Amino acid sequence: MADAAPRRIAFQGERGAYGDEATGAFFGASVTRIPCPTFRDVFEAVARGSVDGGVVPMESALAGPVAEVVDLLLEFTPPIAGELRLRVRHCLLAPPGRTLEGLTRALSHPQALAQCGAWLRKHHLQPVPEANTAVAARRVAQEALEGTAAIASRTAAELYGLTVLAEDIADSPDNATRFLAVGTAVPPNLGPRWKTSLVLTLDNGPGALAGVLSAFASQGVNVARLESRPGGVRAWDYRWCLDVDGAEDSAPVKSALSQARSLCTSLQVLGSYAISG
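Everything in the sequence shown is counted per full-length UniProt numbering, starting at 1 for the first residue and increasing by one.
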């Protein structure tokens, strides 16, 4: 019996981007990876069923949540199939034969440039924003601009024939990004830990949010993430996004959700999923 065709998984960026690396880490080397220009394109592809799933960055350990992705999750509400914490190892890439001493500027995504800011200043390199890290690497490889390097992954160096002049150049050794798999394709080999994501709205009164948080605390459920996003209907109305530790069908989370629902004007579970890495 023939093996099933590789699943099609969308990610934002180009081959060699960190989203590309996360897709491979989630689903394995044989998965068919579909690059998309924007995060919205990823969600739209998942919604219309032209791909089996998507991989999107939810949060940077250094820069915080990716607000656009959070808002798209609330807009499209796809199934969340898993979480991956990917170590981000920025490298300085240049065409073969170039040296660090001959460089004057570095191209990359603005977030990558910010994460390597101290290193760039130390080496007197001007940061130049690009659409993403892989685009920067491809441009440096194709145009071979004088004095120009890219900050991207080692995978991007291999794809575009560039030399790694320096590795692990981020200012913090804890540089990592939390990616989500969205859609119907569930990544294999996820770990034993589970998380549940939800969004809720509250009456704007004293202690409303505290009551919801107390419902989880009373059941020993840790709230791992809490942030507010605009409600999208009336000015100054907000939606609260929570990640709590544990599976939705576990007794503590189930009980906490039951209590929380009685305190909210609306509560929706966005996904309950296992964590890898």
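Yeah, the Cβ is synthetic: ideal placement off N, Cα and C, and Gly gets one too. Since this is a predicted model, take the numbers as computed values, not measurements.
For Q12, the uninterrupted beta strand (DSSP E) segment begins and ends at 8-12.
Annotation for L73: the continuous alpha helix (DSSP H) segment containing it runs 67-76. Spatial neighbours of R89 in its own chain (CB-CB distance under 6 Å, excluding positions within 5 residues in sequence) are listed in chain order as D168. Buried is the label assigned to S153, since at least 16 other Cβ atoms lie within 10 Å of its Cβ. With a beta-carbon spacing of about 4 Å, E130 and A136 fall inside the 8 Å limit used to define contacts. Sixteen is the threshold: since fewer than 16 other Cβ atoms of the shown chains lie within 10 Å of the Cβ of N189, the residue is exposed. CA-CA distance, P79 to V182, rounds to 6 Å.
At a Cβ-Cβ threshold of 8 Å, L86 and A156 do not count as neighbours. For C264, the CB contacts under 8 Å within the same chain, skipping 5 residues up- and downstream, are L200, T201, L202, V212 in chain order. When C-alpha distances from V223 are compared across P230, R229, G231, S214, the shortest belongs to S214.
Linking Y160 to A185 through their CA atoms gives a straight-line distance of about 29 Å.
When only Cα atoms are considered, S30 and R8 end up about 10 Å apart. Residues of the same chain with a CB within less than 6 Å of the CB of L226, apart from the 5 flanking positions on each side, are L242 in chain order.
Cβ contact annotation for G16 (same chain, cutoff 7 Å, sequence separation greater than five): A134, A137, A152, S153, T155, A156, L159, Y160, in chain order.
For W240, the enclosing beta strand (DSSP E) has its first and last residue at 238-245.
Looking at the DSSP output, T201 bridges to S266.
For secondary structure counted as the alpha helix (DSSP H) over 4 or more consecutive residues, the stretch 33-105 holds these complete runs in sequence order: 39-48, 67-76. Nearest to G97 by alpha-carbon distance, out of R139, E146, G117, is E146. In the structure shown, G183 falls within a strand segment according to DSSP collapsed to helix, strand and coil.
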